[in-house]
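> Residue numbers for the sequence shown follow full-length UniProt numbering, beginning at 1 and rising by one.
Glycine included, C-beta positions come from ideal geometry on N, C-alpha and C.
Source: prediction; values computed, not measured.
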Amino acid sequence: MCELYSKQETLALRRRHIGPSCKVFFAADPIKIVRAQRQYMFDEKGDQYLDCINNVAHVGHCHPEVVKAAQKQMELLNTNSRFLHDNIVEYAKRLSATLPDRLSVCYFTNSGSEANDLALRLARQFRGHQDVITLDHAYHGHLSSLIEISPYKFQKGKDVKKEFVHVAPAPDTYRGKYREDHEDPASAYADEVKKIIDEAHNSGRKIAAFIAESMQSCGGQIIPPAGYFQKVAEYVRGAGGVFIADEVQVGFGRVGKHFWSFQMFGEDFVPDIVTMGKPMGNGHPMACVVTTEEIAEAFSASGMEYFNTYGGNPVSSAVGLAVLDVIKNEDLQGNATRVGNYLTELLNKQKTKHTLIGDIRGVGLFIGIDLVKDHQQRTPATAEAQHVIYRMKEKRVLLSADGPHRNVLKIKPPMCFTEEDAKFMVEQLDGILTGLEEAIGAETEPVISKNTPIKTKMPEEARSELLRDSSLDPRENPSRKRNGLCTDSLLSKRFRT
Ligand SMILES: Cc1ncc(COP(=O)(O)O)c(C=O)c1O
């Protein structure tokens with residue numbers, strides 16, 4: 001049975017019983033998904049949507065091998081990890097083999113948030129330091145400890161930045177403080193971290209950790225410049241802190257050539273702690289922290305046991321093993337490279353055609369399309385991005401818009417995404433951007449609000465979504481933006497592979 005209720009009844013029940021801060025995609029006109037397979041999702045009417053959003057259903061929705069592994073183990077045993085069981089150790093062994101040698105000790109959790117919270121505890125226990133350096137616009141999870149280090153969240157709510165949190169500029173060479181025309185953006189951004197460390201020391205504070213996604217996802221698909229992480233790691237370790245790489249969104253082969261995104265930056269960069277989640281269980285809730293023996297020993301020396309009822313249970317571990325098998329057996333990393341390159345090529349062609357496209361950036365099947373109102377100022381085209389995702393939905397393609405200005409279209413589909421899917425997606429996008437650009441040329445009446453300088457007509461649903469959305473930031477400072485286009489050679493300058 002796919003449906004208990006009609007869509008209207010489901011909506012009404014959701015409004016009544018689910019907390020109002022739990023948002024749905026396309027809030028102005030939500031879709032009800034009742035089943036999914038591979039890279040496709042189906043609504044209650046049986047309409048098929050191409051899923052370009054879902055980096056959780058990593059190896060494809062409801063992959064039969066993953067389902068089979070869960071069911072088989074569920075029929076046999078599921079219990080907590082205080083009993084000896086082969087699945088957890090086999091999974092830890094296989095997972096460690098994907099990482100550099102020194103990252104060999106695993107702690108299993110149930111969500112990326114739990115993993116990051118534990119990573120902070122490990123870091124703080126290691127040298128007894130407290131402070132955390134995080135990147136601007138970062139999101140690391142929903143627990144209190146992580147809202148504190150997630151500017152993406154605390155800058156939008158009523159929370160104030162805690163004194164032990166230090167926010168470094170995001171290493172964004174397109175719209176950030178140092179751009180692609182800077183002679184050494186990696187050093188310039190790393191020096192900002194050094195400055196933060198020095199200032200913290202001057203105030204008697206001590207750095208426990210620097211935490212960053214290997215590529216910022218919610219922050220707007222940001223690829224740090226080559227060499228940045230190495231320099232930051234040196235400064236942070238010099239201060240007695242550790243480097244935490246958050247691979248919750250970007251791990252497990254999404255970038256194609258490498259299993260972990262941090263590996264794109266060269267073999268001379270190895271984090272001290274890596275956290276992972278989302279794709280790990282293909283939809284089954286499982287996550288993990290992997291660290292060094294030294295850090296694990298220091299954590300253990302506190303005398304406090306770490307116990308997590310569900311973390312690494314036999315079923316989760318069986319699921320995790322099946323996911324690893326599918327990635328390998330179906331060459332999904334190779335597919336991410338092939339299809340990702342093809343899609344990037346198609347999108348770069350679109351960039352030459354559409355003035356709304358300011359930048360295409362990404363690696364493998366993790367790609368961002370930065371929509372701008374003008375190439376000169378790089379003014380984020382926030383309302384236009386909302387318009388595009390709603391129109392794409394009408395065309396049966398699911399996309400989201402994110403980044404601090406919510407103007408970056410995010411593409412991070414299941415890894416079985418095909419070249420045909422890429423072509424279809426781009427054709428729909430082309431049509432929508434063409435229509436939108438014509439409308440921008442023809443339409444002069446502002447339709448959002450007096451304060452929002454939008455001159456584009458858009459569907460009522462996208463408009464109301466925007467008005468409802470408190471994340472539209474009126475404080476945005478256009479003076480920080482300069483001209484420039486992202487070229488292929490620039491992309492290769494951003495990281496070493
Ligand atoms: C980079 C990153 N870290 C951590 C998390 C938290 O993971 P979870 O939602 O599984 O708790 C998320 C969730 O979106 C994330 O994007």
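1) Can the beta-carbon of D51 be found closer than 8 angstroms to that of Q39?
2) Roughly how many whole angstroms lie between the Cα atoms of G256 and F366?
3) Beta carbon of K410: closer than 7 angstroms to some heavy atom of ligand 1?
4) Is it buried or exposed, Y235, if we count other Cβ atoms within 10 angstroms and call 16 or more buried?
5) Give the secondary structure of M425 by DSSP, where H, G and I count as helix, E and B as strand, and everything else as coil.
6) Per DSSP, V167 is paired with what?
7) Given that a residue counts as buried once 16 or more other Cβ atoms are within 10 Å of its Cβ, and exposed if not, what is Q73?
8) I believe L398 touches I53 by the beta-carbon criterion, under 8 angstroms. Please report the beta-carbon distance rounded to the nearest angstrom.
9) What is the rounded straight-line gap between the Cα of Q376 and the Cα of G60?
10) Quick one: what's got a C-beta closer than 7 angstroms to G281's C-beta in the same chain, skipping five residues either side?
11) Do N55 and Q249 have their C-beta atoms closer together than 8 angstroms?
12) Tell me the DSSP bridge mates of I244?
13) Determine the burial state of E345: buried for a count of at least 16 other Cβ atoms within 10 Å of its Cβ, exposed for fewer.
14) Helix, strand or coil for A287? Go by DSSP, reduced to three states.
15) Buried or exposed: which applies to T444, given that a residue is buried once 16 or more other Cβ atoms fall within 10 Å of its Cβ?
16) Answer yes or no: do E192 and A168 have a C-beta to C-beta separation smaller than 8 angstroms?
17) Quick check: what's the CA-CA separation for R390 versus F26?
18) Enumerate in chain order the residues of its own chain whose CB-to-CB distance from I411 is below 6 angstroms, with the five nearest sequence positions on each side excluded.
19) Mind checking who F42 pairs with in its DSSP beta bridge?
20) Please tell me whether, using a cut-off of 7 angstroms, the distance from the CB of E148 to the nearest non-hydrogen atom of ligand 1 is below it.
21) Taking 8 angstroms as the threshold, find out whether the segment 270-289 comes into contact with the segment 102-111 through three or more Cβ pairs.
22) Does any heavy atom of ligand 1 sit closer than 7 angstroms to the C-beta of Y152?
23) At the level of alpha carbons, what is the spacing between G219 and K153?
24) Between S113, D246, G283, which lies nearest to T291 when the distance is taken from Cα to Cα?
25) Whose CA, out of E394, L409, K68, lies closest to the CA of S400?
26) Report the option in K156, H63, A226, M264 whose CA atom is closest to the CA atom of A190.
27) Hey, is the segment 410-426 in contact with the segment 328-345, meaning 3+ C-beta pairs nearer than 8 angstroms?
28) Could you give the distance in angstroms between the alpha-carbon of G238 and the alpha-carbon of K206?
29) Checking the sheet assignment: what are the DSSP bridge partners for I367?
30) Alpha carbon to alpha carbon, how far is E294 from A301? Give it in angstroms, no decimals.
31) Quick one: residues in its chain with C-beta nearer than 8 angstroms to the C-beta of D430, no 5 flanking neighbours on either side, listed in chain order?
32) Please find out if some non-hydrogen atom of ligand 1 comes closer than 7 angstroms to the beta-carbon of Y139.
33) Determine the DSSP secondary structure at A301, reduced to helix, strand or coil.
34) Which residue from F126, R121, H129, H166 puts its Cα closest to that of H137?
35) Which of the three DSSP states is assigned to P380 in this structure?
36) Using the Cα positions of K45 and Q130, report the straight-line distance between them to the nearest angstrom.
In short:
1) Inclusion of D51 and Q39 in the CB contact set at 8 angstroms is warranted, their separation being smaller than that value.
2) For G256 and F366, the gap between their C-alpha atoms comes out near 9 angstroms.
3) no
4) buried
5) In the structure shown, M425 sits in a helix (DSSP, three-state: H, G or I).
6) T134
7) buried
8) About 5 angstroms; that satisfies the 8 angstroms criterion.
9) Rounded to the nearest angstrom, the two C-alpha atoms are 40 angstroms apart.
10) S316, V319, G320, V323, listed in sequence order.
11) yes
12) I211, I273
13) exposed
14) strand
15) Any reading at T444 is ruled out, since the residue's pLDDT is 35, under 50, leaving its predicted position unreliable.
16) yes
17) It is worth fixing the name first, because residue 390 is Tyr in this sequence and not Arg. About 7 angstroms.
18) C52, I367
19) R35, Q48
20) Incorrect: E148 has no Cβ contact closer than 7 angstroms to ligand 1.
21) Cβ pair count under 8 angstroms is three or more, so yes.
22) no
23) Across the structure, G219 and K153 are spaced so that their CA atoms are roughly 11 angstroms apart.
24) D246
25) L409
26) A226
27) yes
28) 11 angstroms
29) G362, I411
30) 11 angstroms
31) Q350, K353, H354
32) yes
33) coil
34) Comparing Cα-Cα distances from H137 to each of F126, R121, H129, H166, the minimum goes to H166.
35) strand
36) 52 angstroms
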